[in-house]
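Some notes on the structure that comes next.
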Amino acid sequence: MQNKPQLTRPNSPIIVALDKASLNEALALADQLDPKYCRVKVGKELFTRCGPQIIDELHQRGFEVFLDLKFHDIPNTTAQAVLAAADMGVWMVNVHASAGLEAMQTAKERLVNGGHETLLIAVTVLTSMTEVGLRQLGIDVPVNEQVERLALLTKEAGLDGVVCSAQEASRLKQLCGMDFQLVTPGIRTLEDAADDQKRICTPEQAMKNGSDYLVIGRSITHADNPTQKMSQILDTL
Ligand SMILES: O=C(O)c1cc(=O)[nH]c(=O)n1[C@@H]1O[C@H](COP(=O)(O)O)[C@@H](O)[C@H]1O
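Convert by adding 153 to the 1-based position in the sequence shown; the result is the number in this note's numbering.
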């Protein structure tokens with residue numbers, strides 16, 4: 154693993170989604186945040202535009218980074234992509250649980266064999282999906298049932314946790330145990346628009362339900378004052 158600067162371990166469950174279209178915009182937003190109060194997430198758009206440089210820049214600023222590229226491929230390709238993420242020193246990386254048990258097991262094994270501490274989690278059912286969307290894919294079960302099935306598969310593969318909606322968090326803690334990490338996007342305060350999210354929850358309720366981490370994008374990043382919005386949210390937790 155490459156040397157990286159000293160990172161701050163925040164005492165906060167908030168992960169801010171830096172869903173921006175350029176390095177400069179993402180860093181301008183990051184510079185309004187404090188690594189003592191949040192982690193940051195780099196997703197598909199930003200990483201495709203900037204590549205590993207954005208990770209280095211965020212590490213230089215002391216942030217722990219969740220690289221959210223949701224790998225979904227054959228076992229070897231998935232595992233090597235996860236390893237490449239870990240080699241950049243990211244705090245967390247994800248795959249789609251629907252890549253299957255073997256892909257998840259292979260990825261975890263290679264992280265362990267490489268001595269990496271990067272957390273590996275799997276997306277269950279995207280928070281933008283409903284039962285109708287699942288049915289269109291030929292999955293004729295309620296969303297919560299599919300989430301539970303994929304969470305159990307993820308646990309069997311030895312991963313650290315899942316991405317799910319906070320609406321499913323209390324059930325998943327019962328089913329998978331308290332140590333199984335629940336990372337929950339689809340977080341909205343009462344005054345926020347839902348946008349394309351379907352299974353949403355307020356920050357306060359998400360924590361009550363047992364979420365370990367709250368992934369928050371537009372609620373903070375589109376606020377007139379992102380710093381103020383984050384501290385308002387932190388005050389409710
Ligand atoms: O893996 C993710 O982070 C993720 C999974 C999921 O099921 N739903 C989901 O919204 N996300 C990500 O979480 C962020 C949510 O952003 P906002 O809807 O703006 O708060 C986006 O960057 C999504 O890509």
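Heads up, the beta-carbon is just placed ideally off N, CA and C, and yes, glycines get one too.
Inset, instruction - Express the C-alpha separation of C329 and V265 in angstroms, rounding to a whole number. - result: 21 Å
Inset, instruction - Please determine if the stretch 312-322 and the stretch 332-345 are in contact, where contact requires at least 3 C-beta pairs separated by less than 8 Å. - result: yes
Legend entry - heavy atom of ligand 1 below 7 Å from A174 C-beta: no
Inset, instruction - Go ahead and label F219 buried or exposed: buried means 16 or more other beta carbons lie within 10 angstroms of its beta carbon, across all protein chains shown. - result: buried
Inset, instruction - Please find out if some non-hydrogen atom of ligand 1 comes closer than 7 Å to the beta-carbon of P188. - result: no
Inset, instruction - Out of A252, V285, C191, state which residue places its alpha-carbon closest to the alpha-carbon of I274. - result: A252
Inset, instruction - Starting from A275, follow the beta strand (DSSP E) in both directions and report where the run begins and ends. - result: 272-276
Legend entry - L303, DSSP secondary structure in three states: helix
Legend entry - For I167 and V368, the rounded distance between their alpha carbons: 6 Å
Legend entry - Backbone secondary structure at D388 - three-state DSSP: helix
Inset, instruction - Ignore the nearest five residues each way along the sequence and tell me which others in F106's own chain have a CB closer than 6 Å to its CB. - result: This structure cannot speak to residue 106, because the chain is shown only from 154 to 390.
Inset, instruction - Look at the Cβ atom of Q258, then the Cβ atom of G196, and state whether they are nearer than 8 Å. - result: no
Inset, instruction - Out of T277, T283, D332, R324, point me to the one whose CA is closest to L306's CA. - result: T277
Legend entry - Best match in P163, I227, P356, A170 for proximity to E255 [C-alpha to C-alpha]: I227
Inset, instruction - Could you spell out the range, first to last residue, of the beta strand (DSSP E) harbouring D221? - result: 218-224
Legend entry - Coarse secondary structure for C329, derived from DSSP in three states: helix
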